[in-house]
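These notes concern the structure reproduced below.
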Amino acid sequence: MHRKTQVLLAANNWRRHAIVIFSALSFIACLFIPFQSLAITNAKGVEITFLLDGVLSDQPIVEGVLSDQSIAKSTTTQNNLWARIKQGYSIPNISSKHTAKFENFYAKHPEYVARMMARSQKYLFYVVEEVEKRGMPTEIALLPMIESAYNPTAYSRSHAAGIWQFVPATGKYFGLEQNWWSDNRRNITAATKAALDYLQKLHNMFGSWDLALAAYNAGEGTVGRAIARNKHAGLPINYQNLKLPRETTEYVPKLQAVE
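Per my numbering, the sequence shown starts with residue 1, numbered consecutively.
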């Protein structure tokens with residue numbers, strides 16, 4: 001009897017080890033599946049890579065938090081959504097050569113714009129709702145268009161990910177978990193909350209939405225130092241008069257070109 005028990009225990013242990021080994025090998029094999037991806041240069045001039053539509057389902061990205069009703073709402077009210085967004089514009093318009101430059105960019109890349117608009121329909125209604133709940137300018141809901149073309153799988157050379165393009169450190173600071181199994185920078189609801197929290201924090205720091213957007217792009221330290229330099233020199237400290245990196249100088253005009 002004792003010998004049979006030992007044999008059964010040994011068999012059970014072997015099965016458990018076999019299951020663990022098989023699971024590990026399956027996971028490793030998945031890492032080498034040649035997913036179809038595409039590298040493009042977004043409206044910021046940054047190269048981002050994303051999995052092509054249909055390669056991954058939306059379920060792991062959204063993780064079930066957006067209901068079918070929410071997504072259906074976004075489809076049925078799409079015609080009115082843009083009028084609603086435009087009514088909520090409140091960032092002063094920066095009319096400049098930069099705005100014209102990016103209006104031309106969108107005009108010359110209709111396929112890029114069409115894909116971006118089609119993809120945004122899955123998430124834009126939800127993002128607009130969250131922006132409006134906080135009393136923020138509705139232009140903010142369009143920010144993922146210049147960051148990632150509204151693609152949750154977007155990934156940049158600087159390791160920024162998701163529609164809001166959080167780099168790892170900033171994502172962790174705002175509570176976005178990142179590990180082997182999941183990356184909440186790609187989770188629409190979690191990343192949207194984090195992005196809006198961050199933008200509100202920046203607005204409280206700098207007192208205007210254009211400077212908050214500049215800091216979202218370049219970092220609060222870069223904008224803070226530019227303000228300090230202008231104060232020291234007796235110069236205006238508004239967005240147009242700050243000496244900022246070229247990408248940041250063009251950041252708000254890019255957003256307003258989408259409008």
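The beta carbon of each residue, even a glycine, is placed where N, CA and C say it ideally should be.
Buried or exposed, going by whether 16 or more other CB atoms sit within 10 Å of the CB of residue i?
{"i": "K122", "result": "buried"}
{"i": "E147", "result": "buried"}
{"i": "N93", "result": "exposed"}
{"i": "E247", "result": "exposed"}
{"i": "W181", "result": "exposed"}
{"i": "Q87", "result": "exposed"}
{"i": "R119", "result": "buried"}
{"i": "K44", "result": "Confidence at K44 is low in this model, with a pLDDT of 49, below 50, so its placement is unreliable and no value can be given for it."}
{"i": "P236", "result": "exposed"}
{"i": "Y251", "result": "buried"}
{"i": "M145", "result": "buried"}
{"i": "A169", "result": "exposed"}
{"i": "M116", "result": "buried"}
{"i": "A100", "result": "exposed"}
{"i": "A149", "result": "buried"}
{"i": "A214", "result": "buried"}
{"i": "A114", "result": "exposed"}
{"i": "N241", "result": "exposed"}
Does the beta-carbon distance from residue i to residue j come in below 8 angstroms?
{"i": "A194", "j": "G175", "result": "yes"}
{"i": "D210", "j": "Y239", "result": "yes"}
{"i": "H203", "j": "A212", "result": "yes"}
{"i": "Q178", "j": "K172", "result": "yes"}
{"i": "K243", "j": "A218", "result": "no"}
{"i": "A161", "j": "D183", "result": "yes"}
{"i": "L81", "j": "V128", "result": "yes"}
{"i": "N151", "j": "I163", "result": "yes"}
{"i": "Y126", "j": "I85", "result": "no"}
{"i": "E259", "j": "L143", "result": "no"}
If I'm right that residue i touches residue j with Cβ under 8 angstroms, what's the distance once you round it to whole angstroms?
{"i": "T153", "j": "R186", "result": "7 angstroms"}
Is it a yes or a no for the segment 119–137 touching the segment 247–256, going by three-plus beta-carbon pairs under 8 angstroms? At 8 angstroms Cβ cutoff, the stretches do not touch.
At 4 residues or longer, and completely inside the segment 171–225: list those alpha helix (DSSP H) runs for me, N to C. Taking only runs of at least 4 residues, the alpha helix (DSSP H) segments lying wholly in the segment 171–225 are 188–206 and 209–218.
Which residue spans inside the segment 92–156 form an unbroken alpha helix (DSSP H) run of at least 4? Within the segment 92–156, complete alpha helix (DSSP H) segments of at least 4 residues are found at 97–108, 110–120, 124–133 and 143–148, given in chain order.
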